[in-house]
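In this note's numbering, the protein residues as written are 103 to 449.
Below is the structure:
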């Protein structure tokens with residue numbers, strides 16, 4: 103043992119690269135590098151927080167290796183979802199929607215539905231039977247929520263995905279790791295879209311649940327563009343399509359919020375500017391000499407889900423709103439990729 107130690111000492115004096123400072127051979131040095139590569143796969147913010155991330159990737163390689171891009175994005179996405187749904191402020195939006203739906207259900211049970219009053223004012227109609235059902239509540243909740251409340255709740259979260267980390271300085275720590283910037287942007291936008299979809303689906307689910315619990319099952323009766331009566335299976339199908347369209351619109355709103363979050367370092371500023379931009383679009387659409395801009399504004403298409411609740415649905419007019427919403431959803435994402443790639447964050 104002593105002879106081997108003396109031999110290693112002589113080799114260390116000669117500067118043999120096969121040994122490291124502690125006398126470990128080359129294999130031990132490579133093992134240390136592999137462990138460092140494993141540690142590089144851990145996100146700075148959510149490493150070990152509530153079990154949010156694995157300690158290393160599946161093959162023990164760092165995030166910078168090109169063979170595991172899908173694993174890298176999924177790992178970062180998991181970290182972003184932990185950050186989004188791990189803060190208490192996120193659930194305030196769900197609580198607000200729950201209170202709003204409960205108030206609408208109570209008001210409809212106590213004073214009657216607005217549809218009921220509109221139909222009873224029409225003397226040419228003979229009203230009989232149950233006009234308020236669970237599907238009626240789910241349909242009625244789409245109108246007031248999509249214009250102000252839902253964009254506000256979505257922007258409150260999406261506006262802080264980039265700006266909050268810029269403000270705290272954690273974005274710099276993340277980019278000091280061997281992480282591709284494109285993977286960071288993709289994971290954050292996916293997390294923002296998932297939150298927007300979850301908020302929209304929660305509104306539809308809680309509306310149906312409370313509506314069925316209080317009013318029971320039945321047909322969907324609407325009186326927006328004339329009297330329309332849909333059977334319950336058809337009403338559920340139209341509601342699913344309508345809330346899917348609303349979720350797509352909220353993803354576009356989230357994209358705007360996240361894009362503005364990349365340009366400023368204050369989350370409140372990004373959220374406020376995103377909501378103000380939507381409100382300004384609604385005002386511009388009402389000005390006569392800006393009438394030509396109205397078909398291209400996002401706020402114009404937030405209520406096009408009403409086309410799905412006619413007795414006979416013509417899907418042709420829906421392709422233009424869907425295309426515009428997809429452009430508003432993907433254009434900020436592409437612009438955000440370019441801007442984030444050129445931003446000087448690590449200095």
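Ideal placement from N, C-alpha and C gives every residue a C-beta, glycine not left out.
Bear in mind that the values here come from a model prediction, so they are computed numbers and not experimental data.
Exposed unless 16 or more other CB atoms sit within 10 angstroms - verdict on residue i
i: residue 287; result: buried
i: residue 416; result: exposed
i: residue 419; result: exposed
i: residue 290; result: buried
i: residue 268; result: buried
i: residue 389; result: exposed
i: residue 309; result: buried
i: residue 393; result: exposed
i: residue 381; result: exposed
i: residue 214; result: exposed
i: residue 429; result: exposed
Inter-residue spacing [alpha-carbon to alpha-carbon] between residue i and residue j
i: residue 275; j: residue 264; result: 13 Å
i: residue 186; j: residue 297; result: 8 Å
i: residue 407; j: residue 256; result: 19 Å
i: residue 209; j: residue 313; result: 12 Å
i: residue 191; j: residue 236; result: 29 Å
i: residue 337; j: residue 295; result: 26 Å
i: residue 124; j: residue 445; result: Any reading at residue 124 must be qualified, since the residue scores a pLDDT of 46, below 50, and its modelled position is unreliable; the value itself is stated next. Answer to the nearest angstrom: the Cα atoms are 41 Å apart.
i: residue 277; j: residue 426; result: 33 Å
i: residue 258; j: residue 282; result: 27 Å
i: residue 242; j: residue 331; result: 14 Å
i: residue 233; j: residue 204; result: 18 Å
i: residue 396; j: residue 423; result: 12 Å
i: residue 391; j: residue 251; result: 29 Å
i: residue 176; j: residue 438; result: 19 Å
i: residue 196; j: residue 411; result: 26 Å
Sequence-distant residues of the same chain with beta carbon closer than 7 Å to residue i, five excluded per side
i: residue 384; result: 401
i: residue 366; result: 265, 372
i: residue 201; result: none
i: residue 51; result: A question about residue 51 goes unanswered here, because the residues of the chain that appear run from 103 up to 449.
i: residue 345; result: 302, 303, 306
i: residue 253; result: 355, 377, 380
Per DSSP, the bridge partner or partners of residue i
i: residue 332; result: 322
Cβ-based neighbour list, residue i, same chain, cut-off 8 Å, excluding 5 preceding and 5 following
i: residue 349; result: 298, 299, 302, 303
i: residue 405; result: 245, 248, 249
The ligand MG heavy atom lying under 7 Å from the CB of residue i
i: residue 254; result: The ligand MG is not part of this structure, which contains no ligands at all.
Supposed close pair residue i, residue j - CB separation, criterion 8 Å
i: residue 262; j: residue 363; result: 7 Å
Neighbourhood of residue i by C-beta distance below 6 Å, restricted to the same chain and skipping five residues each side
i: residue 183; result: 293
i: residue 341; result: 240
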